[in-house]
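Number of protein chains: 2
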Amino acid sequence: MAEFRRDPIDGKWVIIAPERKRMLVEFKPEPYPSSERRCPFCPGNESLTPPELFAFRPPTTKPNQPGWRVRVIPNREPILRTELELEKEGIGSYDRVSGIGAHEVIIETPEHNQTYSQLSEEHLKEIYLAWKERVLDLKNDARIKYVLIFKNYGLSAGAVMAHPHSQLIALPISPKQIIEELRGGEEYFRFKERCIFCDIVRQELETKERVVFENARFLLICPWAPIFPFELWAVPKEHLSVFEESDDELLAELAQVIKFGMSQLEKTLGSFHFNLVLHNLPFYLSSSPGFHWHIEIMPRLTRVAGFEYGSGFYVNPVPPEESARWLRKGEK
Amino acid sequence: MAEFRRDPIDGKWVIIAPERKRMLVEFKPEPYPSSERRCPFCPGNESLTPPELFAFRPPTTKPNQPGWRVRVIPNREPILRTELELEKEGIGSYDRVSGIGAHEVIIETPEHNQTYSQLSEEHLKEIYLAWKERVLDLKNDARIKYVLIFKNYGLSAGAVMAHPHSQLIALPISPKQIIEELRGGEEYFRFKERCIFCDIVRQELETKERVVFENARFLLICPWAPIFPFELWAVPKEHLSVFEESDDELLAELAQVIKFGMSQLEKTLGSFHFNLVLHNLPFYLSSSPGFHWHIEIMPRLTRVAGFEYGSGFYVNPVPPEESARWLRKGEK
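So, in structure tokens, the structure goes:
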């Protein structure tokens, strides 16, 4: 029997409709077309990319030469550029802001065919440390209000390049979705004097129904109102709002939960396409009583239809209690 | 050069990034698989569907027999059902509402292979009259707060059935996207004492830059901040908030602009997949100083990636001034 569930943070409603499971079966992810071209993200081809901005590499190797483990470069065809002036303009009822910002690629591994779940915890930690370095650097630019970090894997998830990578887009505006989460958290705090994320952590640990994994610092859950089947959130147990304030030890714990989550998803779903998005505090705030930074992993097993765009309503055929049960065991 | 544009109604930001036009070229819509099964929406197969709720048919024909021009039936596998009780429940920090509502299919034509642009204006008007009839009927159920009407065409747009149809989902909750448009319109009205939609109509008619077509009652525009390339909105010129109050003459004018828009899209894009969504006033209001009901047509030429879900930011490689120029002429 279907039911409506409200996301307790941003207030969006999701229809959990177990009767619609055939939505899942009918969807087959398309593989990457095999390419004859040299991959610009592979070691040895560093000259095909713009010069690197950051890398984890042995001190004996030189920038833009092989030897790196994680490498950050500007996107060759950036959506946004730092060289522009920040201009804000009104045209009648309309508003426009110049396309300043940055668009970078985090090449996650030298291995072209490695999947995310094959990366070691140590390696994942270096990816998250690279994210942190880039956020800290971009925060020095007063025009930048938010740095959006995400990973698209697979054609169905919008990724065109097969080589494992995540992306970073630095924005002169805070994203609407993040603002809504912040507002939702603030409203909840005004009402209850408690943080909604802290409450979610507490409630999930009590019922365990939607918990997939936990370690000392993180909870890995199927959220109450997931917009996608098998959606997973990694949420810090403590009240931590600012991702770039994370220390090594915290990011090592993050790597552990993400590695576990990705491995279980793969065991349960087989090969699958996904988006992974870091939700972080915008730079105009240094803290918030109602927000935890967190990571959302969205497997792309269904097609998003007009219904969703027209309404902000999502239909999800898999209840999170069920996906959590499967993912805890890694079962099909 | 890219720029950020703010949707003047719901406040969402879109990046217009003309450099990213290759996003378009790489995307080929997948055709429907040919099916051996009998189509339940074709005339003669009426017994394969639940009994009809409404139809336009000659008085000499019987319900659930051939002869109809437009036929409305309950969805065989509805997401929501009217037979349930409306129950609202809090579980700790979480909220849940029972899945009451309705899910109907509007079979738009007896012809299995007819495209939307091949339907006559007279026929389109009957489809919109059928929508109106169903909304008026469902409005009698006090549990229903909103009726979402939409059309998915093509696999990329989430449609599984090839036979031309639109869908209706009656909800016990108002959709977030509509609430945001209403709130945006109300805020604008408080600030300026004018309706944002009326202002858009006025401004677009002055500049003509984004106008594709107009008739006595409607404006067909590429909106200022479209989330999809070649997105089209049909907006009443007058201040009309409630779709189901439309008279025959208004719906005939609507049919004319939609027919023009769909034909031009086909001339410009060739065969394409799309979503079409009616944005209407929720039932809890009888009028609004800041809202026009309207129709949004979203061709699906790009893949939506993680970036969009994580941020509410959309990247659109085609400026609406450019798509309007193409669509006015119907050029490739």
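Going down the list, the protein sequences come from chains A and P. Each number in the working numbering corresponds to the 1-based position in the first sequence with 182 added. Each number in the working numbering corresponds to the 1-based position in the second sequence with 182 added. Yeah, the Cβ is synthetic: ideal placement off N, Cα and C, and Gly gets one too.
At a cut-off of 9 Å, the C-beta of Met183 of chain P has a neighbouring C-beta in chain A. Taking a 10 Å sphere around the C-beta of Ile477 of chain P, we find 16 or more other C-beta atoms and assign the residue as buried.
Identification of chain P residues near Pro190 of chain A by a Cβ-Cβ cut-off of 8 Å yields Ser275, Tyr276 and Asp277, ordered along the chain. At least one C-beta of chain A is nearer than 9 Å to the C-beta of Tyr370 of chain P.
Residue pairing for Leu337 of chain P: DSSP places it in no beta bridge. Short of 7 Å from the beta carbon of His474 of chain P, and not among the five residues preceding or following it, lie these beta carbons of its own chain, in chain order: Phe379, Val417, Pro418, His421, Leu422 and Ser423.
Listed as beta-bridge partners of Ser348 of chain P by DSSP are P:Ile288. For Asn397 of chain P, same chain residues with a beta-carbon under 8 Å away, outside a window of 5 residues either side, are Glu435, Gln438 and Val439 in chain order. Among the residues of chain P, those whose CB is under 9 Å from the CB of Arg187 of chain A are Tyr276, Asp277, Arg278 and Val279, following chain order.
The beta carbon of Tyr298 of chain P lies closer than 6 Å to those of Met444 in the same chain, with the five residues before and after it left out.
Per DSSP, the continuous beta strand (DSSP E) segment holding His476 of chain P begins and ends at His476 to Pro481. Look at the stretch 244-262 of chain P: the residues with a C-beta under 7 Å from a C-beta of chain A are Glu259, Ile261 and Leu262.
The beta carbon of Pro256 of chain P sits closer than 6 Å to the beta carbons of Pro232 and Glu286 from its chain, once the five residues preceding and following it are set aside; these are given in chain order. Around the beta carbon of Met480 of chain A, a 10 Å sphere encloses 16 or more other beta carbons of the protein chains shown; the residue is thus reported as buried.
Using a Cβ-Cβ cut-off of 8 Å, Ile382 of chain A is close to Ser275 of chain P, given in chain order. Val252 of chain A is positioned such that its CB atom lies closer than 9 Å to that of Ile309 of chain A.
Flagged as an interface residue toward chain P: Pro354 of chain A, by a C-beta distance shorter than 9 Å. The alpha-carbon separation between Cys221 of chain P and His345 of chain P amounts to approximately 8 Å. Identification of residues in the stretch 402-426 of chain P having a C-beta nearer than 9 Å to some C-beta of chain A yields Trp406, Ala407, Ile409 and Phe410, given in sequence order. Residue environment for Asp192 of chain A: buried (at least 16 other C-beta atoms within 10 angstroms of its C-beta). The shortest CA-to-CA distance from Phe371 of chain P to any of P:Phe186, P:Ala184, P:Pro190 and P:Met183 is the one to P:Pro190.
For His461 of chain P, the enclosing beta strand (DSSP E) starts and ends at Phe456 to His461. Residue nearest to Phe400 of chain P within the set P:Pro411, P:Thr389 and P:Val383 is P:Val383 (criterion: CA-CA distance). Annotation: Thr450 of chain A to Leu509 of chain A spans about 7 Å, alpha carbon to alpha carbon. Ranked by how close their Cα comes to the Cα of Arg239 of chain A, the residues A:Asp319, A:Ser302, A:Leu230 and A:Trp250 have A:Trp250 in first place. Put simply, the CB of Ile289 of chain A is far from chain P, with every gap to its CB atoms at 9 Å or more. In terms of beta-carbon proximity, Ile378 of chain A lines the interface with chain P, with at least one pair separated by less than 9 Å.
Here the C-alpha atom of Gln247 of chain A lies approximately 8 Å from the C-alpha atom of Pro225 of chain A. Not a single CB atom of chain P sits nearer than 9 Å to the CB of Gln438 of chain A.
The continuous beta strand (DSSP E) containing Tyr496 of chain P extends over residues Tyr496 to Asn498. Closest in alpha carbon position to Gly283 of chain A, among P:Ala312, P:Lys390, P:Pro501 and P:Met183, is P:Met183. Taking a C-beta distance under 9 Å as the contact criterion, Gly367 of chain P and Pro471 of chain P qualify as a contact pair.
When the beta-carbon positions are compared, Pro411 of chain A and Pro357 of chain A stay at least 9 Å from each other. Residue state for Ser280 of chain P is assigned as strand, using DSSP reduced to three classes.
Inclusion of Arg278 of chain A and Gly272 of chain A in the CB contact set at 9 Å is warranted, their separation being smaller than that value. For Leu402 of chain P, the closest alpha carbon among the candidates P:Glu427, P:His455 and P:Lys441 is that of P:Lys441.
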